[in-house]
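Structure first, commentary second.
Number of protein chains: 2
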Amino acid sequence: MSKPLILVTNDDGITAPGIRKLISIVNEIGDVIVVAPNSPQSGKGHAITINSTLSFEELNLDGPQKDFSCSGTPVDCVKMALDKILPRRPDIVVSGINHGSNSSINVIYSGTMSAAVEAGVEGLPAIGFSLSDLKWEADFDQAEDFIRDIILKTIENPMPKGVVLNVNIPNLKKEEIKGIKVCKQANAKWEESFDERTNPHGKKYYWLTGYFNNMDESEDADETALANGFISIVPVKFDLTAYEYMNELNSIYH
Amino acid sequence: MSKPLILVTNDDGITAPGIRKLISIVNEIGDVIVVAPNSPQSGKGHAITINSTLSFEELNLDGPQKDFSCSGTPVDCVKMALDKILPRRPDIVVSGINHGSNSSINVIYSGTMSAAVEAGVEGLPAIGFSLSDLKWEADFDQAEDFIRDIILKTIENPMPKGVVLNVNIPNLKKEEIKGIKVCKQANAKWEESFDERTNPHGKKYYWLTGYFNNMDESEDADETALANGFISIVPVKFDLTAYEYMNELNSIYH
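Residue numbers (this note's numbering), protein chains in the order written: chain C, 749 to 1002; chain E, 749 to 1002.
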């Protein structure tokens, strides 16, 4: 069998330590092409660039992979890679390793996960990886063996269409990580608290801040698994239909 | 019963004809506060503003509602409204009327729908309305009675937590609209085709273009309902867990 073609992207930008670690892992598995944002794109969700233009350029970075720096969002990167950069459809798309958790509700704000979802919409197997440590100098070594294992298992066990994986890694040493748990998305949210300031011209402005509120203590929730020292894997879908509410809604609009 | 407090937002910007029509409809139902972007935010998905600041200002526009123009994305608008602008939690949040369809997979790219989803995350009833006509001068009068009906029904019949409504309106005259259908999100996607150009300095750049590919002919898909002249309502959830794949995934990671 020929080597798999692997597309790598992220939302922290092409020079972030998290993506460089992910590239080093997949370089041992297949032929690697990186198409990642040229600037930080955290919290960009599933944004695409409609009203302005996009560009990309090849960089010369260490390693056997090819690196392309793209001006857009993470989802733009996946679209450009598939339409303009890759020689053929990739066998798998991996996104991350994100600097910071994308567990529970964070999946909908995350550029890292939205890139994986966009690959899923294109019918490709895709995984987003995130480490529960926001720092630029976070230690990504600890989870290397687990990440390799999850990518190999995903290549060997094809996922159904319409599903991608959201993998979150606790900020623990390798020997402290208890294993891998398949989980559901925890019921959690951010409680907003905007930080109000006044600019030199007397006008008020705001920084988005807040605290994370986990309302879900169930055993199989990703937040619970992470708190207990496990790596969480949530299968994520992009058919957002709430099928379980259709009957009741039909009775209202009969 | 006191009048309901209604928050209105959108992604086309606070001056767009679509939101002004929606405001005129809800002004007859309750007390209305508008917090909407000060610039077009189409395709911004669930993006939030983390690395720069936000501001808002009150405008003096015709009508009994209060209008606040906000510098952020649609999701930022909902967050700022709830934390900094509204006197109390609103009874319902309505987003739109979007200039252009947000049916099928468009729900994940849409700023209009992401604003509704953000309200849902906050535990509020929320509806996104979209008209299948991208034009600024689209005719929003045709669906006025249907929109009023859907908002009143949603106030009277509380939705379960975790669900918001995605309402799409075909571009037809009022007498041509066949009614309202509860639907699932059609299986559809955009086929990318970037338009490549060369700038005056010899560097290539790209415009995102493509065509819509509906792969779903099922009777209860939103695209089918719209094609048959119905208004589609899809109940949308933001627990993205693919529960139906958890067993198989567990067998891989047992």
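Glycine is no exception: its CB is placed at the ideal position from the N, C-alpha and C atoms.
Would the beta-carbon of C:Val-865 fall within 9 Å of that of C:Gln-813? no
What residue from C:Arg-896, C:Ser-843 and C:Pro-765 has the CA that sits closest to C:Leu-882's CA? C:Pro-765
Under the three-state reduction of DSSP, which class applies to E:Pro-822: helix, strand or coil? helix
Would you say the segment 813-824 of chain E touches the segment 780-797 of chain E, given that touching needs at least three Cβ pairs under 8 Å? yes
How would you list, in chain order, the residues of chain E whose beta-carbon sits under 7 Å from the beta-carbon of C:Trp-955? Thr-801
Using a Cβ-Cβ cutoff of 8 Å, what residues of the segment 841-863 of chain C are near chain E? List them in chain order. Ile-853, Val-855, Ile-856, Tyr-857 and Ser-862
My assumption, with CB atoms under 8 Å, is that C:Ala-886 sits in contact with C:Pro-822. Please give the rounded CB distance. Contact flag wrong, Cβ pair sits at about 19 Å.
Below 7 Å between beta carbons is the criterion; list the residues of the segment 921-935 of chain E that meet it against any residue of chain C, in chain order. Ile-928, Val-930, Lys-932 and Gln-933
Tell me the DSSP secondary structure of E:Ser-862 in three-state form. helix
Using a beta-carbon distance cut-off of less than 8 Å, what residues from the segment 776-795 of chain C approach chain E? Pro-788, Ser-790, Gly-791, Lys-792, Gly-793, His-794 and Ala-795
Is E:Phe-804 helix, strand or coil by DSSP? strand
Does DSSP put C:Gly-927 in a helix, in a strand, or in coil? strand
Name, please, each residue of chain E whose Cβ falls closer than 7 Å to the Cβ of C:Asp-797. The displayed chain sequence assigns Thr, not Asp, to residue 797 of chain C. Result: Leu-956.
Roughly how far, in whole angstroms, is the beta-carbon of E:Lys-937 from the beta-carbon of E:Asn-961, given that I think they are within contact range, below 8 Å? 6 Å
Go to E:Ala-975, then tell me how far its beta strand (DSSP E) extends in each direction, as first and last residue. It is not in any beta strand (DSSP E) - E:Ala-975 instead sits in the alpha helix (DSSP H) that spans 970-975.
Would you say C:Ser-941 faces chain E, with C-beta separation under 9 Å as the test? yes
What does E:Asn-998 reach in chain C if we use C-beta pairs closer than 7 Å? Val-930
Rounding to the nearest angstrom, what Cα-Cα distance links E:Leu-753 and E:Glu-870 in this structure? 15 Å
Strand pairing of C:Ser-878, partner residues [DSSP]: C:Asn-846 and C:Asn-916
Within chain E, the residues that C:Ile-981 reaches when beta carbons sit closer than 8 Å: Leu-997 and Tyr-1001
Which residues, in chain order, does the segment 813-831 of chain C contribute to contact with chain E at a C-beta distance below 9 Å? Ser-819, Gly-820, Thr-821, Val-823, Asp-824, Lys-827, Met-828, Leu-830 and Asp-831
Along the chain, where does the beta strand (DSSP E) containing C:Ile-903 start, and where does it finish? C:Ile-903 -> not in any beta strand (DSSP E); alpha helix (DSSP H) instead, spanning 892-904.
Any idea which residues DSSP pairs C:Ala-936 with across the strands? C:Asn-962
Rounded to whole angstroms, what's the CA-CA distance from E:Asp-893 to E:Cys-931? Just pull it up for me. 20 Å
Residue from C:Asn-905, C:Leu-770, C:Gly-793 and C:Ser-851 whose Cα sits closest to the Cα of E:Ser-999: C:Asn-905
Interface flag, C:Ala-990 vs chain E, CB-CB below 9 Å: yes
Give me the chain E residues within the contact set of C:Asn-905, using Cβ-Cβ distance strictly less than 7 Å, ordered along the chain. Ile-1000
Could you check what DSSP says for C:Asp-779 in three-state terms: helix, strand or coil? strand
For C:Tyr-857, three-class secondary structure by DSSP: coil
Alpha-carbon to alpha-carbon, E:Gly-859 and E:Glu-805: 21 Å
Spell out whether any CB of chain C is found under 9 Å from the CB atom of E:Arg-945. yes
Is it true that the segment 786-795 of chain C meets the segment 910-929 of chain E, where meeting means three or more beta-carbon pairs spaced less than 8 Å apart? no
Selection from E:Asp-810, E:Trp-884 and E:Leu-755 that minimises the alpha carbon distance to E:Gly-778: E:Leu-755
Could you tell me the distance, in whole angstroms, from the CA atom of C:Gly-793 to the CA atom of C:Tyr-857? 4 Å
Exposed unless 16 or more other CB atoms sit within 10 angstroms - verdict on E:Lys-922: exposed
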